[in-house]
Amino acid sequence: MSFGRRLRRWITGLFMLVFGLVFVLPVAAILLFRTVPPPFTPLMAMRLVEGEGLERKWVPLEAVSRHVAPAVLASEDSRFCQHDGIDWHEFRQALADYLEGERLRGASTVSMQTAKNVFLWPSRTMARKVGEAYLTTLIEWLWPKRRILEVYLNIAEWGPGIYGIEAAARHHFGKPAARLTPRESALLAAVLPNPRRWSASRPTGYIRGRAGTIQVRARIIAPLLNCL
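Take 80 as the starting number for the sequence shown in this note's numbering and just add one per residue.
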């Protein structure tokens, strides 16, 4: 076999490998998780290796208090039903700031956080941010918004070893997620940016104030959540 033919075969094989890793495997996993709960996330695996426990119980969105979605979206992504998964203005600004030497910041919608939490290892690099945007686009194409929020609520970290809204409700308030009040929902939403530092059941003055703001915003955006 000539060198040219071997080279073409090698390039073709490399292309097929890259195509599979970049497109086929992510699409297959996303299609699977459209109906099947993700069994674990990279963050859960990392915390387990570090010696933490794992409290988690998957619940469908219908089994979650109606106050939770407005509170969480008021805190994390008030335009959830209006955007296509990525807030491009914030994303471009974060990229521009990073290229100018600033620390890479979040600018993440709930869809982006879901893609990151399900598929990507915790880190703050531009490569991961690009991967997050790519996976978010696939998720928005292949999942309904309701499924995106359902997965997010079931894998979000709510304290050391606490994952998902059901485990969070039971750990912090001693009740199932179906019985959470507007105030309890707002307190859980308020700690999402840093659940290992803040506690919904032992809120600081800052968290109590933040929860109050979330309650007001939740009432405002609730009529706009027609995608759920």
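The beta carbon of each residue, even a glycine, is placed where N, CA and C say it ideally should be.
Contact under 8 Å by Cβ, residue i with residue j
i           : j           : result
residue 136 : residue 253 : no
residue 306 : residue 224 : yes
residue 118 : residue 234 : no
residue 237 : residue 201 : no
residue 164 : residue 240 : no
residue 153 : residue 256 : no
residue 297 : residue 149 : yes
residue 217 : residue 109 : yes
residue 232 : residue 103 : no
residue 134 : residue 250 : yes
6 Å Cβ shell around residue i - same chain, five flanking residues per side excluded
i           : result
residue 277 : 270, 286
residue 267 : 247, 279
residue 96  : Confidence at residue 96 is low in this model, with a pLDDT of 43, below 50, so the placement of that residue is unreliable and no value is reported for it.
Contacting residues, own chain, Cβ-Cβ under 8 Å from residue i (five flanking each side not counted)
i           : result
residue 100 : A caution first: residue 100 carries a pLDDT of 48, below 50, which makes its placement in the model unreliable, though a value can still be read off. Answer for residue 100: no residue qualifies.
residue 292 : none
residue 260 : 144, 146
Extent of the continuous alpha helix (DSSP H) run through residue i
i           : result
residue 274 : No alpha helix (DSSP H) holds residue 274; DSSP gives it neither H nor E.
residue 215 : 205–221
residue 193 : 189–198
residue 112 : 104–112
residue 291 : 284–300
residue 256 : Taken as a continuous stretch (DSSP letters only), residue 256 belongs to no alpha helix (DSSP H), as it is neither H nor E.
residue 148 : 147–155
residue 124 : 121–128
According to DSSP, residues forming a beta bridge with residue i
i           : result
residue 236 : 242
residue 179 : None, per the DSSP bridge assignment.
residue 135 : 242
Cβ-based neighbour list, residue i, same chain, cut-off 7 Å, excluding 5 preceding and 5 following
i           : result
residue 113 : 221, 222, 226
residue 162 : 188
residue 126 : 240
residue 229 : 139, 140
residue 211 : 191, 194, 195, 199
Residue-level contact to chain C via CB, residue i, 8 Å cutoff
i           : result
residue 206 : No chain C appears in the structure shown, which is made up of a single protein chain.
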